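A.B. asks:
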Amino acid sequence: MQISTRSGPRILAILGPTNTGKTHLAMERMLAHTTGMIGFPLRLLARENYDRAVAKVGKGAVALITGEERILPKTARYFMCTVEAMPVAKQVEFLGVDEIQMCADPERGHVFTDRLLHARGRSETMFMGAETIRPVIRKLVENVEFDTRARFSTLTYNGAKKIQRLPSQSAIVTFSAQEVYAVAELVRRQKGGAAVVLGALSPRTRNAQVEMFQNGEVEHLIATDAIGMGLNLDLDHVAFAAMHKYDGKFNRSLSAAETAQIAGRAGRHMNNGSFGVTGNLSGIDPDIIEQIESHEFEPLAKVFWRNARLEFRSVDALQKSLRRRSEDPTLILAREPVDEIMLEHLAQNEDVARIATAPDRVQLLWEICQIPDFRNIHTDTHPRLLTSIYRYLAKPGSRLPIDWLGEQVLRLDRYDGDIDQLSSRLAGIRVWTYVSHKHHWLEDANHWQERTRAIEDKLSDVLHERLTQRFVDRRTSVLLKSLKDKSELMSTITANGEVQVEGEFVGRLEGFRFIADETDAAFEGKAIASAARRALTGEIAQRVKQLETDEDDKFSVNGQLDVIWSGAQVGVLKKGDTVLSPEVHVIDSEFFDGPTRERVRTRLQNFINSHIETRLKMLTRLRDCQLSGPIRGLLFQLNEGLGCVPRSELESLVKDLSDEDRKALAKLGVRLGVETVHVLDALKPDPVELRGILWAVARELDALPELPPAGRTSVPNDRANSKGFYLAAGYMPVGPLAARVDMLERFAALLRQKARENDGKVRPDPDLLSLLGCTVEQAEGVFTALGWRAEVTKVKKSTLEAKDAEKNAPAPAKAENADAAKEAVKADAEPAAEAPASAEAEVTQTPVEAKAEETAKEPEAATEPVVAKAEAGAGEDAADAKPVETDADGDELVEVKFFVRVDRRKRGGGAAGRGQRGPRQDARGGKGAPKGKGGNRPNRGGGNGDRSGKPGGRNPAPVKENKINEDSPFAKLKEMLEAKG
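Offset between the sequence shown (1-based) and the working numbering: plus 3.
(1) With contact counted as at least three CB pairs below 8 Å, one residue from each stretch, are the stretch 313 to 326 and the stretch 291 to 298 in contact?
(2) Beta-carbon within less than 6 Å of Ala16's beta-carbon, same chain only, minus the 5 sequence neighbours each way: which residues are those?
(3) In angstroms, rounded to a whole number, what distance separates the CA positions of Ser426 and Ala713?
(4) Any idea if His681 is buried or exposed, counting beta-carbon neighbours within 10 angstroms, 16 or more meaning buried?
(5) Give the list of continuous beta strand (DSSP E) stretches no shorter than 3 residues that lie fully inside the stretch 96 to 178.
(6) Measure the Cβ-Cβ separation of Phe786 and Phe902 and say whether it is below 8 Å.
(7) So Phe508 packs on Ser592, CB below 8 Å; how close in whole Å?
(8) Leaving out five residues before and five after Ala133 in sequence, what residues of the same chain have Cβ atoms less than 6 Å from its Cβ?
(9) Mind checking whether Cys22 and Arg137 have CB atoms under 8 Å apart?
(10) What residues match up with Leu730 in a beta bridge as DSSP calls it?
(11) Just list the residues that DSSP pairs Phe254 with in beta bridges.
(12) Confirm, please, whether the CB-CB distance from Ala56 to Leu34 is below 8 Å.
(13) State the DSSP-derived secondary structure class of Ala723, mapped to helix, strand or coil.
(14) Which residue comes first and which comes last in the beta strand (DSSP E) that contains Gln572?
(15) Who are the Cβ neighbours of Gly202 in its own chain at under 7 Å, not counting the five residues just before and after it?
(16) Could you check the C-alpha separation between Asn352 and Leu396 for me, to the nearest Å?
(17) Starting from Glu652, trace the beta strand (DSSP E) both ways and give me its first and last residue.
(18) Would you mind working out which of Asp108, Asp745, Thr716 and Arg694 sits nearest Ala732, comparing C-alpha positions?
(19) Around the Cβ of Ala865, are there at least 16 other Cβ atoms within 10 angstroms (buried) or fewer (exposed)?
(20) Less than 8 Å between the CB atoms is what I'm expecting for Cys628 and Leu641, so what's the real figure, rounded?
(21) Comparing C-alpha positions only, which one of Val648, Pro386 and Gly893 sits nearest to Lys800?
(22) To the nearest whole angstrom, what separates the beta carbons of Gly42 and Lys164, a pair I think is in contact under 8 Å?
(23) For Val603 and Leu686, what's the separation of their Cα atoms in angstroms?
(24) Going by the beta-carbon positions, is the gap between Ile422 and Leu462 smaller than 8 Å?
(25) By how many angstroms is the C-alpha of Thr208 removed from the C-alpha of Arg428?
(26) Which of helix, strand or coil does DSSP assign to Asp553?
(27) Locate the beta strand (DSSP E) running through His588, then write down its first and last residues.
(28) Residue range of the alpha helix (DSSP H) that Val691 falls in?
(29) Looking at the structure shown, is Gly19 part of a helix, part of a strand, or coil, going by DSSP?
(30) Along the chain, where does the beta strand (DSSP E) containing Ser494 start, and where does it finish?
(31) What residue from Ala259, Met273, Lys305 and Leu303 has the CA that sits closest to Asp290's CA?
(32) DSSP state of Ser631, grouped into three classes?
(33) With 16 other CB atoms within 10 Å as the buried threshold, where does Arg378 fall?
(34) When you compare the stretch 48 to 65 with the stretch 431 to 450, are there three or more beta-carbon pairs, one atom per stretch, that lie closer than 8 Å?
(35) If we define contact as Cβ-Cβ less than 8 Å, is Val412 a contact residue for chain B?
(36) Since Gly672 and Leu683 should fall inside the 8 Å C-beta cutoff, what is the C-beta to C-beta distance between them, to a whole number of angstroms?
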């Protein structure tokens, strides 16, 4: 358009819908003059067009003036401003005001109306806006020329659609921050992410969010009506999620013009656009749809206005001048703006009323009331802040105190917290940015401008990061962009198995399985799977080769019955033909074909076979023995029992063993105990763990129950665990305890020895308790399970004390005698286990027992048993004490609990009631004289073992004193006893 050649300044009104190039035309017209100024409705727009002008005429020729930002070169010729910040007193050749239809805005309309009435360029004035403002401009402005601009593209209503079905390049509009966040969360879950735009965001944050959308990192923009002005977006569709807004006073429906302003963001330049609603709304009023599509709206008849000729004689005079009405009916009094509300608040303060008595102080008060409340929280926070500022500045020549100002700014110089906290700090620092541009209020305004600007920029950047973290899945956005460009996704695998697509983590390769990272976007899941599959096919082949060549130390088995390779689960154990031959099932992988799966299975099976052979060699050699007869059956059952079987279950086989069989068992490390038959080497921690795993596999469990801690001689008998589990772990349930089988045999042997020494009666003393590491109460339960019953007997207290003293007496002076005594006791205890049939067997079995003892960690002696009930009451009050009972000689009697052996034939079973077992002689083998470590032991009944040879029989054998070998430990014991008298 040509500059008018007629005399006087030219006034133009460029009217039309959005996307008609009005602002672009104004910029071109301004730069055609030597000086110019344009007022924009938003700081964001002012900054955007400032950058555009700088690119054309240079930084030194362009100024930026907003409430919060001033860039004012001395050589500036062009001024990009917000409407409120326009220096209208400055003379320029060209002056323009954008979005002039905002004269009808309830909050800011009076400012736009003032510019419409009074702001002029020396040569040219241009007002750009919607067609609806035409009648008002024609009535209020003389000699105005109108130019109607047609939209370059069409705008069509598209109805209601669910959010997940919205097309790409869509904006979803709602009217509160919380609603924006809720919709953005939904879009993130369904489509991978969205950018957000709200009026509360700083221009820097808003631009960063819009840039993500423009760059294709996200396909959707969630916004308030802040997108209705100034944002040049490549939008194809605008969907309204709400059709009502709160305008600061009322919750009302959107007008047709407001709806059009927002919907008009769709379709840029020659690209057509569409608008509609989301699935939660039924639709838009048909009349509004028709107006938007035809760009024909009801013209404005009135605009908001406020008197610009203010009186500062007093606060009351100022308030009255602000409320003065116009004589022109087109100009209606503005609703009470925020600055007037602040004036009313401050005027009610006694200190302010006392100070604001002179015109200059009233004018200062009004200037302070115009500080924007960016926080918009509708509390007394902002009025209190303004009051403090006024008190400081009302003093003649005063400035804001540096310490106080620094404290206010420092509170906001924080970057932690969530989106709401950061937004609040950002709004707060914008207040101080505005204040910093009041040079006459500060000592060093430039310093505070730089400081507040730096904090605002940092908060803006952090807020952008938080918004992106919350509402954008960065991985999704990268994948989306690549898919949109139809480029091949680049996939890589890190050394620790992380799978990355286009540099973003998408999952992990664990063994041969790809574990995709969780995603809510269906399209993303398919893209990831496709890209990962291309990258992993070669990696899987390489890993299979590595698995086949790795040594066994790279493999293991865990308590979940998994086969582990290099830290990853690759197989699981399943029941096989025997307990020592489980099968390996390969964990399935989508990358395996039949031959590959078989290669993996073969290697894993070889490892398991080798692992069992190495860790359980003491059991596998039992399986592989080429023996026949009873021993073969015994070894089979011992293998099936994983090295430990109750003696009662094998009694019939034990009876039939020959001397040669017993020699063979001793060489194999098998101990024939009274309570169990077990393999001593299988009690060590490593074999025990593997035995437990094999037991669980054979019983088709999902995992191995918790094993007893290594080194424990007994543990509480948990009834939830089966007897078979304890046996596989090397323990035997006996009453309240599960005792390790080697220690149980030693316990039972010592129990029998003490019974022989005390006329068949046994007290639970520390020697016994220490073997199983149990309490007196637990020991009593063990006694009962082993076939002993409790009896309470009255004995002389002096006799009991004498026996205890004798037991605790110092050892004999001669060390060799003490050693001999120990050997004798040990030898007497040995019958707990089946003795070897000859000296040769003895030699092979003795080291085996030593190995078993090495695995037993001797516990500390349990609390000394107190069995005399009379003694237990000794500390009671004399009044409660029972009369002391004495015998005929006057010796005090006490009750003592002893345990005596129950005849096994009467109690009907083995030590713990686990089946029938024969008499003692049968239990010891039934053939020939038993042999212990001390050499051949004479037949205790004399004769050849029949009834006629037993003491007390019908034909008792003649008493015969056996000669004791001088080198025997029994000879040493005899000497010690004779020495005692």
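The beta-carbon is built from N, C-alpha and C at its ideal position, and this holds for glycine as well.
Values in this document were obtained by computation on a predicted structure and should not be read as measured data.
C.D. replies: According to the structure shown:
(1) With the rule of 3 Cβ pairs closer than 8 Å, the stretch 313 to 326 does not count as touching the stretch 291 to 298.
(2) These residues qualify, in order along the chain: Phe130, Ile140, Val147 and Phe149.
(3) 59 Å
(4) buried
(5) 97 to 100, 127 to 132, 147 to 151, 158 to 164 and 173 to 176
(6) yes
(7) That belief does not hold up - the Cβ atoms of Phe508 and Ser592 are roughly 20 Å apart, past 8 Å.
(8) Gln104, listed in sequence order.
(9) The question names Cys, but residue 22 is Asn in the sequence shown. Contact: no.
(10) Paired residue(s): none; Leu730 is not in a bridge.
(11) It is worth fixing the name first, because residue 254 is Asn in this sequence and not Phe. Its beta-bridge partners are Tyr249.
(12) yes
(13) coil
(14) Ala571 to Lys577
(15) Thr227 and Ala229
(16) 16 Å
(17) That residue, Glu652, is in no beta strand (DSSP E); its alpha helix (DSSP H) goes Arg650 to Lys658.
(18) Arg694
(19) With a pLDDT of 37 at Ala865, under the threshold of 50, the modelled position of this residue cannot be trusted, and the question is left open.
(20) Incorrect: roughly 11 Å between the Cβ atoms, too far for contact.
(21) Closest by alpha carbon: Gly893.
(22) Not really, about 38 Å apart at Cβ, beyond 8 Å.
(23) 32 Å
(24) no
(25) One C-alpha to the other measures close to 13 Å.
(26) coil
(27) Glu586 to Val589
(28) Pro688 to Ala701
(29) DSSP places Gly19 in the coil class of the three-state scheme, outside both helix and strand.
(30) Ser494 to Ile496
(31) Ala259
(32) Reduced to three states, the DSSP call for Ser631 is coil.
(33) buried
(34) Contact between the stretch 48 to 65 and the stretch 431 to 450 is absent, because fewer than three Cβ pairs lie under 8 Å.
(35) Given the protein chain composition of this structure (a single chain), no chain B is represented.
(36) 5 Å
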